[in-house]
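Below is one structure; the comments refer to it alone.
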Amino acid sequence: MVSKLKDYARSVVESKAKEESSKVLIHMKERFTTVFSHDKDSISRVWTGKEDVRAIAKEARSAALKLLSVMAAIRWDDEPDRIESILTSTLLEGSVVSKIASAASADPLASTTWEEQAHRRDNSKLPPPWAIVAIAILGFNEIMVLIRNPIYLFLLFVGYLMVKALAMQLDVSREFQNGVISIYDLRMSSPLRVKDHMYGSPILNIKWHQTLNSTEPKLITADKHIVRIWDPNTLPHMLPSENAFSAAVSALE
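Using the working numbering, you'd call the opening residue of the sequence shown number 68 and step up by one each time.
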């Protein structure tokens with residue numbers, strides 16, 4: 068029972084210490100501001116220009132480093148350590164660059180484990196090219212949703228297979244080999260009006276004559292005139308006729 072209570076208390080202390088250590092920079096900034104802007108009696112300083120700003124700033128930095136040394140490690144016993152003295156001598160006294168090299172070997176906080184080094188190297192690697200392309204196309208939020216929910220990837224793959232099978236079943240490539248909109252599609256979708264631009268009167272009696280070969284031109288008989296349409300994107304021409312007779316085809320509503 069006692070051992071369970073000790074383990075529980077240890078876990079609570081460790082969780083709270085880790086939680087507060089993640090906000091150590093905020094606490095250090097607050098401690099520095101408090102010491103720098105207040106005197107020893109916790110009264111706000113009145114700056115007259117005669118204060119030793121350098122000494123006050125050094126005192127504030129020392130207080131911030133002391134707070135850092137307190138939160139740097141979890142101490143389960145009352146044995147003293149040298150964390151505060153190492154931080155003070157390294158970051159507060161003398162040149163920082165010259166002190167770091169000499170104190171790094173003796174600093175218990177300077178060493179890192181192999182697991183931490185491996186974790187840092189893994190995080191420093193760039194993602195694979197396919198991930199970069201997917202993020203560029205979909206966006207970071209969308210790609211994370213796809214990664215966290217593999218069912219979406221499966222549904223996209225099934226949808227792609229269904230669309231491909233439907234296109235092969237309907238032979239879409241053959242339907243569009245003569246253009247996006249064919250004369251046959253216009254005939255089936257809506258009636259047509261052929262208008263004589265010379266006389267201004269519409270020709271309503273239109274008959275279609277299909278040919279066996281889809282590549283041959285379609286023939287339209289309209290009031291004893293023959294309209295030969297070679298391509299839906301070009302204007303039809305009347306044959307035979309000596310006059311410059313042209314006709315425009317427009318869909319009726």
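Ideal Cβ positions, reconstructed from N, Cα and C, are used throughout, including at glycine.
Following the DSSP letters along the chain, one finds Glu81 inside the alpha helix (DSSP H) bounded by residues Val69 to Ser88. Taking the CA atoms as reference points, Glu151 sits about 32 Å from Ser70. Classified as buried, Ile153 has 16 or more neighbouring CB atoms from the shown chains inside 10 Å of its CB.
Residue state for Ser240 is assigned as helix, using DSSP reduced to three classes. For Leu159, no alpha helix (DSSP H) segment is defined, and its DSSP state is neither H nor E. Spatial neighbours of Ser104 in its own chain (CB-CB distance under 7 Å, excluding positions within 5 residues in sequence) are listed in chain order as Ser111 and Arg112. Inclusion of Glu86 and His94 in the CB contact set at 9 Å is not warranted, their separation being larger than that value.
Lys107: not part of any alpha helix (DSSP H); DSSP gives it neither H nor E.
By the CB criterion at 9 Å, Ala131 and Lys96 fall inside the cutoff. Cβ-Cβ distances below 7 Å link Ala124 to Phe103 in the same chain, with the five nearest sequence neighbours on each side left out; the list follows chain order.
Around the beta carbon of Phe207, fewer than 16 other beta carbons sit within 10 angstroms, so the residue counts as exposed.
Here Glu126 has Val102 as same chain residues with Cβ atoms under 7 Å from its own Cβ, once five neighbours each way along the sequence are excluded. When the beta-carbon positions are compared, Ala234 and Ser240 come within less than 9 Å of each other. C-alpha of Ser78 to C-alpha of Arg98: approximately 27 Å in a straight line. Inter-residue distance for Glu118 and Lys107 is about 14 Å (C-alpha atoms, whole angstroms).
In this structure, DSSP gives Ala139 a state outside helix and strand, which the three-state scheme calls coil.
The Cβ atoms of Leu158 and Arg128 sit closer than 9 Å to each other.
Taking the Cβ atoms as the reference, Ile214 lies roughly 11 Å from Ile202, outside the contact range of under 8 Å. Taking the Cα positions, Val230 is about 10 Å away from Gln236. Under the three-state reduction of DSSP output, Arg128 falls in the helix class. Nearest C-alpha to Ile141 among Leu135, Arg149 and Ala84: Ala84.
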